[in-house]
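Under the numbering used here, the first residue of the sequence shown carries the number 5, and numbering increases by one thereafter. Quick reminder that beta carbons are idealized off the backbone N, C-alpha and C, glycines included.
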Amino acid sequence: MGGVVRVKWVEEALERVSLSGEVKRKVEEWVKGLRREELERLGEYEERGDALPCPLVDPYREGGLLVKLVKHEGKYMVTAGVAEHGGLVEEYYVAEIEAL
């Protein structure tokens, strides 16, 4: 993302969808490598459904876990949810991306 970036995990959301330490590390590594242009192309997730799926987290190896970076109310957030039978059961905002 250029510059120093921090992933601020939302503990309350992590009580609802479990992310292993390895998954968190992969997400942090991925986010730090994103280019600003990739983020600036994202529209509001709730309105347009724009999202960047995390390519380092394989849903097949992680029990259907889908991790994405989205724009939510003007902030860049990480969502996580588990897919079952072809659809997401529930998705949570599990982290906020902060540029320092």
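Which residue's Cα is closest to the Cα of residue i: the options?
i	options	result
tyrosine 64	Ala99, Lys36, Lys12 and His89	His89
lysine 28	Val14, Arg39 and Ala87	Val14
glycine 47	Gly68, Glu16, Tyr80 and Lys36	Tyr80
glycine 78	Pro59, Glu33 and Glu51	Glu51
lysine 75	Glu33, Arg40 and Ser24	Arg40
leucine 69	Leu23, Glu32 and Glu19	Leu23
isoleucine 101	Glu26, Leu18, Glu16 and Leu38	Leu38
Go ahead and label residue i buried or exposed: buried means 16 or more other beta carbons lie within 10 angstroms of its beta carbon, across all protein chains shown.
i	result
glycine 85	buried
alanine 103	exposed
valine 93	exposed
Can you round the beta-carbon distance between residue i and residue j to whole angstroms, since I take them to be within the 8 Å contact cut?
i	j	result
valine 82	valine 11	7 Å
methionine 58	valine 31	First, the residue type needs correcting, since residue 58 is cysteine and not methionine in the sequence shown. Right, the Cβ-Cβ distance comes to about 6 Å (below 8 Å), so this counts as a contact.
glutamate 95	leucine 60	About 18 Å; that fails the 8 Å criterion.
Task: Ordered list of alpha helix (DSSP H) runs contained in the stretch 34-68, each at least 4 residues - done: 40-44 and 49-52
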